[in-house]
C-alpha cells in the first residue's frame, strides 16, 4: 500500500485577532459595520491572540522531538502567519522543519459586498442577500464578489491533493481560519452538507484550537485520515491563556 496522506495532520485556527475583537464589539452593540482600518488580510493578532499562539506552540514543544510537526502550511493572512511564526518561535516544530509555506488556498472565506458587515448590517444594507442566504443556506449562498462554502471546498480539494502529493507520511500542521477548519473536516471525513452544518451550529471553532488527524491503513486502499480530536482547547486553557471563539471580520456575517 502506498501511503499518500500525512502520518499526522494538525489544523489550528489562528489566534484571536484585532478583527475578532472589533467584530465581537460590533455584534454586541448591534452595529451594521465592523470598525477595522486594515484590509482583512493585514489584520494582526491581538495581545490575547499572541498568548494563545505561544501556548499552543509550547504544547507542541512538549512532544518528543520526532513527533512535532515537520511541515507547516499557512494561510496568507497576517494573523495566521503570525500564529505559525509564534508556534515555531516557542519550539513547537521539528528542528529540521523548513519555514512555513504560505498557501493562498487556505485563506478565509471571502464575503464580497458583505465584507465588514455584521448580520445586522446585512439585514439593513443588503436585505436581498439576507433573504437569498436564508433560502439557499450558508453552504451554497455566494454573495456578489464573494464565495460560498462550496467555493472554499473547491480550492481546499486542490490543497489536499498537493498535501497528499508532496507531504505523504510527514507530520503536517495547517494554520488557517474557522471556515477552513470546518471545510477540511467536510472533505477529509466525506461529510454531507447537513453533517458539517450541524457541527458548525453546535459551536464556533476556538482561536488556536487544535483539530488532529492520524493516518490509518485500510486494506486495498491508500488509507485514510481518522479524526483524533476536534476544537481541542486544552493547550490554551492549561497555559492560562484566555480561550476565545470570536468571529473574524470576514466571518461575522456568516
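Residue numbers (the working numbering): 5 to 258.
Note that beta-carbon positions come from the ideal geometry of N, C-alpha and C, so glycine has one too.
Residues in the same chain with beta-carbon distance under 6 Å from residue i, minus the five sequence neighbours each way, listed in chain order, please.
{"i": "residue 245", "result": "55, 56, 59"}
{"i": "residue 205", "result": "none"}
{"i": "residue 124", "result": "34, 36"}
{"i": "residue 254", "result": "Low confidence applies to residue 254: its pLDDT is 49, below 50, so where it sits in the model is not reliable enough to give any reading."}
{"i": "residue 12", "result": "175, 218"}
{"i": "residue 195", "result": "none"}
Looking only at C-alpha atoms, which of the options sits nearest to residue i?
{"i": "residue 21", "options": "50, 33, 39, 14", "result": "50"}
{"i": "residue 227", "options": "173, 123, 24, 79", "result": "173"}
{"i": "residue 81", "options": "92, 70, 109, 27", "result": "109"}
{"i": "residue 214", "options": "177, 201, 250, 183", "result": "177"}
{"i": "residue 84", "options": "65, 64, 107, 74", "result": "107"}
{"i": "residue 153", "options": "121, 189, 170", "result": "189"}
{"i": "residue 9", "options": "237, 239, 229, 89", "result": "229"}
{"i": "residue 183", "options": "166, 168, 155", "result": "155"}
{"i": "residue 65", "options": "46, 248, 96, 29", "result": "96"}
Is residue i near residue j, with beta carbons less than 8 Å apart?
{"i": "residue 72", "j": "residue 185", "result": "no"}
{"i": "residue 235", "j": "residue 218", "result": "no"}
{"i": "residue 160", "j": "residue 191", "result": "yes"}
{"i": "residue 78", "j": "residue 104", "result": "yes"}
{"i": "residue 91", "j": "residue 53", "result": "no"}
{"i": "residue 87", "j": "residue 212", "result": "yes"}
State the Cα-Cα distance for the pair residue i and residue j, rounded to the nearest angstrom.
{"i": "residue 259", "j": "residue 94", "result": "In the structure as shown, the chain begins at 5 and stops at 258. Residue 259 is therefore absent and cannot be evaluated."}
{"i": "residue 131", "j": "residue 137", "result": "10 Å"}
{"i": "residue 233", "j": "residue 164", "result": "19 Å"}
{"i": "residue 126", "j": "residue 39", "result": "15 Å"}
{"i": "residue 220", "j": "residue 7", "result": "10 Å"}
{"i": "residue 112", "j": "residue 68", "result": "32 Å"}
{"i": "residue 129", "j": "residue 31", "result": "16 Å"}
{"i": "residue 146", "j": "residue 170", "result": "32 Å"}
{"i": "residue 142", "j": "residue 98", "result": "38 Å"}
{"i": "residue 14", "j": "residue 216", "result": "4 Å"}
{"i": "residue 24", "j": "residue 250", "result": "5 Å"}
{"i": "residue 70", "j": "residue 167", "result": "20 Å"}
{"i": "residue 1", "j": "residue 243", "result": "Residue 1 falls outside the range modelled here, since the chain spans only 5 to 258, and no answer is possible."}
{"i": "residue 121", "j": "residue 47", "result": "16 Å"}
{"i": "residue 27", "j": "residue 100", "result": "38 Å"}
{"i": "residue 200", "j": "residue 237", "result": "20 Å"}
{"i": "residue 241", "j": "residue 89", "result": "20 Å"}
{"i": "residue 29", "j": "residue 19", "result": "17 Å"}
{"i": "residue 202", "j": "residue 187", "result": "13 Å"}
Classify residue i: buried if its beta carbon has 16 or more other beta carbons within 10 angstroms, exposed otherwise.
{"i": "residue 231", "result": "exposed"}
{"i": "residue 225", "result": "exposed"}
{"i": "residue 148", "result": "exposed"}
{"i": "residue 42", "result": "exposed"}
{"i": "residue 139", "result": "exposed"}
{"i": "residue 151", "result": "buried"}
{"i": "residue 158", "result": "exposed"}
{"i": "residue 117", "result": "exposed"}
{"i": "residue 180", "result": "buried"}
{"i": "residue 207", "result": "exposed"}
{"i": "residue 248", "result": "buried"}
Among the residues of its own chain, which have a CB less than 8 Å from the CB of residue i, if the five just before and after it don't count?
{"i": "residue 162", "result": "109"}
Does the CB of residue i have a neighbour CB from chain C at under 8 Å?
{"i": "residue 83", "result": "Although the question refers to chain C, the structure presented lacks it and comprises just one protein chain."}
Kindly list the residues whose CB is nearer than 7 Å to the CB of residue i, restricted to its own chain and excluding five residues on each side of it in sequence; keep chain order.
{"i": "residue 135", "result": "none"}
{"i": "residue 239", "result": "59, 60, 63, 214"}
{"i": "residue 197", "result": "143"}
{"i": "residue 133", "result": "118, 126, 147"}
Does the beta-carbon of residue i, which I'm using as the reference point, lie nearer than 7 Å to any heavy atom of the ligand NAP?
{"i": "residue 175", "result": "By its list of ligands, the structure shown contains no ligand whatsoever, and the ligand NAP lies outside what it can speak to."}
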